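Visitor: One line per chain: the protein sequences are A and B, in this order.
Note that the UniProt record's numbering gives residue 268 to position 268 of the first sequence, counting from 1, and the numbers run on in steps of one.
Note that the UniProt record's numbering gives residue 180 to position 180 of the second sequence, counting from 1, and the numbers run on in steps of one.
There are 2 protein chains.
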Amino acid sequence: MGLSKRIDAAVERAIAMGRAGPAPERLSGALHYACTPGGARIRPTILTSVALACGDDRPSITDAASASLELVHCASLVHDDLPCFDDADVRRGKPSVHRAYSEPLAVLTGDSLIVLAFNVLSRAAGDTPERALALIAVLSRQTGMPHGICAGQGWESEAQIDLSAYHRAKTGALFIAATQMGALAAGQEAEPWTELGARIGEAFQVADDLRDALFDEQALGKPAGQDDLHGRPNAVSMLGVDGAMKRLSDILSGAIASIPSCPGEAQLAQMVRMYADRLTPSAEVLRARA
Amino acid sequence: MGLSKRIDAAVERAIAMGRAGPAPERLSGALHYACTPGGARIRPTILTSVALACGDDRPSITDAASASLELVHCASLVHDDLPCFDDADVRRGKPSVHRAYSEPLAVLTGDSLIVLAFNVLSRAAGDTPERALALIAVLSRQTGMPHGICAGQGWESEAQIDLSAYHRAKTGALFIAATQMGALAAGQEAEPWTELGARIGEAFQVADDLRDALFDEQALGKPAGQDDLHGRPNAVSMLGVDGAMKRLSDILSGAIASIPSCPGEAQLAQMVRMYADRLTPSAEVLRARA
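#1: Thr143/B touches chain E at which residues, Cβ-Cβ below 7 Å?
#2: Check for me: the alpha helix (DSSP H) holding Ser282/A runs from which residue to which?
#3: With a CB to CB cut of under 8 Å and the five nearest residues on each side skipped, what residues in its chain are close to Glu12/A?
#4: By the three-class DSSP mapping on this structure, what secondary structure does Pro22/A have?
#5: Are the stretch 9-27 of chain B and the stretch 234-244 of chain B touching by the rule of at least three beta carbon pairs closer than 8 Å?
#6: Bridge partners for Lys94/A per DSSP, in chain order?
#7: With 9 Å as the C-beta to C-beta threshold (strictly closer), list the residues of the stretch 75-97 of chain B near chain A in chain order.
#8: Quick one: using the 10 Å Cβ neighbour count with 16 as the cut-off for buried, is Arg278/A buried or exposed?
#9: Report the residues of the stretch 120-141 of chain B with a CB closer than 9 Å to any CB of chain A, ordered along the chain.
#10: Beta-carbon separation of Ala14/A and Leu116/A under 8 Å?
#11: So that I know if they touch, is there some Cβ in chain B lying closer than 8 Å to that of Ser112/A?
#12: Closest to Leu31/B by C-alpha separation, out of Ala53/B, Asp111/B and Asp8/B, would be which residue?
#13: Between Leu27/B, Phe215/B, Thr171/B and Gln188/B, which has its C-alpha nearest Glu202/B's C-alpha?
#14: Give the secondary structure of Pro192/A by DSSP, where H, G and I count as helix, E and B as strand, and everything else as coil.
#15: Nearest CA to the CA of Ile176/B: which residue from Arg92/B, Val120/B and Ser66/B?
#16: For the stretch 98-109 of chain B, list every residue whose C-beta sits within 7 Å of some C-beta in chain A, in sequence order.
#17: Do Ser258/A and Glu195/A come within 8 Å of each other at the CB atom, strictly closer than that value?
#18: Any beta carbon of chain B sitting closer than 8 Å to that of Ser157/A?
#19: By DSSP, does Met245/A sit in helix, in strand, or in coil?
#20: Using DSSP with H/G/I as helix, E/B as strand and the rest coil, what is Pro129/B?
#21: I'd like the list of long-range same chain contacts for Asn119/B, defined as Cβ closer than 8 Å, with 5 residues on each side in sequence excluded.
#22: How about the stretch 51-69 of chain B and the stretch 180-187 of chain B: do they share at least three Cβ pairs that are nearer than 8 Å?
#23: Near Val107/B, which residues of its chain fall below 6 Å by C-beta distance, leaving aside the five closest residues on each side in sequence?
#24: Whose CA, out of Ser122/B, Leu82/B, Gln267/B and Leu105/B, lies closest to the CA of Ser60/B?
#25: Within 8 Å of any Cβ in chain B, is that where the Cβ of Cys35/A sits?
#26: Who are the near neighbours of residue 340/B in its chain, counting only those whose CB is closer than 8 Å to its CB and skipping five residues on each side?
#27: Select from the stretch 25-49 of chain A all residues with a C-beta closer than 9 Å to any C-beta belonging to chain B, and list them in chain order.
#28: Whole angstroms are fine: how far does the CA of Ala244/B sit from the CA of Ala9/A?
#29: Thinking C-beta only, is Leu77/A closer than 8 Å to Arg91/A?
#30: Just the C-alpha distance for Ile42/A and Asp63/B, rounded to the nearest angstrom, thanks.
#31: Under 8 Å between C-beta atoms, does Asp63/B make it to chain A?
#32: Would you kindly work out how many angstroms separate the C-alpha atoms of Gly187/A and Asp127/A, rounded to a whole number?
#33: Leaving out the 5 sequence neighbours to the left and right, which residues in its chain are closer than 7 Å to Val206/A when beta-carbon positions are compared?
#34: Please look up how many angstroms separate the CB atoms of Pro104/B and Cys84/A, rounded, as I've assumed it's under 8 Å.
#35: Determine whether the Cβ of Gln153/A lies closer than 8 Å to any Cβ atom of chain B.
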């Protein structure tokens, strides 16, 4: 099974656990709607790639970890889209959850997906409870307060933003979770994998800023220019398009250099390079803009 | 240290973990605001009482469990109060979180408290990782979909409500979590404690319906008559006040009869009787109404 199919199957299994038995049908439908069809599934792909590079000796724990991380990511998208945040009508090319199902169900969908993520991990322990616990510790740290994506979103309500804490929490946190959880799922230490996650997160943030500045709503599958609209800090407004492109390239080189020594080091470097190509706007797009 | 001080201290320690380091100040303040000063802390009191009845051989795990359960309960209150649900301006005699801090911060406060609950449990494992994992499994099951309080709230968006699933999930779930987690924290099996939790949950629901029908907003510390207003099923509208009083008394007798054999069985029965007295509207109130 290819990586992408493996991850989609893991996410589907996790969602099915949240919908078993006599559950309220609309909320049940909204859970599935919020997570499928998937976007690029970048975070679980990184997680699984790191686990594979480290030997992946307990594939069922790796799958639970990748699904739980994707559930939390999808939950954050559902809540970020709410009227009181981005008020986004569209996500991944279809109506956002609160538009398709209602605002109460969107709040509950986010809540349920977060909780389901921890349920999935708690049930995947098998004969290695320490691994499952370490995964729960990392996922909760990188999701909540004071270090995770909730904190990142929380910074947007402050008069004075700590920019470095903001970016690390808002975008970096779940990429750090991805690399750390990949290592933990395969029985390795989390810490040596922190820098790779942090750098991929930075690259992703800069690439997102570039896309937000260069593409329109149709190409993005979500409203464009949201950062400018909401006054959020943005690499393109700070460095310009060329400066941001240079920064992206530097960050990705640093990411590859940071990969810890492991059996699958070479393939992992190749995966990061592949993402780098995908993340970087093509010469064609840049010409069209000029 | 008395039970109530022990529980408040555990909750304060848990919240402090969510506010350490460079965190966004307003969200950080909202986490504390949402959980203090506490209400009756009924769920953690039941949890800790069951743990004590079972020997409480790892008090730090019991405290983590009781704090995590209270965090999830407080999170549910914050989200239930949101404009898209009950639109409640007041909670526990002070402005609700979205009124005091803003709607975005209320959404994030609920999210952060849920995540913090699992973080607290993951860090309390000590030398018994299986206990921490079992606690996480129970708390996530009784919080999320398809069995937990999220499902309970989700039923309110259905055209056809499965009443028994609705009540079990909406109110019963966290009481079942309380008794099961108390037993697990002390190294005992969860299952024999399910009925006690379910019956206390039923009693609490009926008592809440009675209070909602008999008291005004000032005495409740929250808007009265919410069930009638939102068309939610209610024991008083179905059975009348006298019928609901009789039902409450029957449920509490059943709760006491269901207590599994354990070293602290007698004290636990006494605690349930004490709650029964507190939950039951006094003759004075009933006379005043007549």
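Ideal Cβ positions, reconstructed from N, Cα and C, are used throughout, including at glycine.
Computed from a predicted structure; not experimentally measured.
Guide: Concretely, from the data shown:
#1: Chain labels in this structure do not include chain E; the protein chains are A and B.
#2: Careful: Ser282/A lies outside any alpha helix (DSSP H) and carries neither H nor E.
#3: Thr36
#4: If DSSP states are grouped into helix, strand and coil, Pro22/A belongs with coil.
#5: Segment contact: the stretch 9-27 of chain B against the stretch 234-244 of chain B, fewer than three CB-CB distances shorter than 8 Å; contact not assigned.
#6: Arg91/A
#7: Ala75, Ser76, His79, Leu82, Pro83, Cys84 and Phe85
#8: Arg278/A should be labelled exposed.
#9: Val120, Leu121, Ser122, Arg123, Ala125, Pro129, Glu130, Ala132, Leu133, Ala134, Leu135, Ile136, Ala137, Val138, Leu139, Ser140 and Arg141
#10: yes
#11: yes
#12: Asp111/B
#13: Thr171/B
#14: Three-state result, Pro192/A: helix.
#15: Ser66/B
#16: Ser102, Glu103, Pro104, Leu105, Val107 and Leu108
#17: The Cβ atoms of Glu195/A and Ser258/A lie closer than 8 Å to each other.
#18: yes
#19: helix
#20: helix
#21: Taken in chain order, the residues that qualify are Met17 and Gly18.
#22: yes
#23: none
#24: Ser122/B
#25: no
#26: For residue 340/B there is no data in the structure shown, the boundaries of chain B being 1 and 290.
#27: Answer in chain order: Glu25, Arg26, Leu27, Ser28, Ala30 and Leu31.
#28: If you take the alpha carbons of Ala9/A and Ala244/B, they lie about 48 Å apart.
#29: Yes, these two residues count as a Cβ contact at 8 Å.
#30: 37 Å
#31: Output row for Asp63/B: interface = no.
#32: If I take the Cα positions, the gap works out to 12 Å.
#33: Closer than 7 Å at the Cβ level, and outside the excluded window around Val206/A, lie Ala235, Ala244, Arg247, Leu248 and Ile251.
#34: 5 Å
#35: yes
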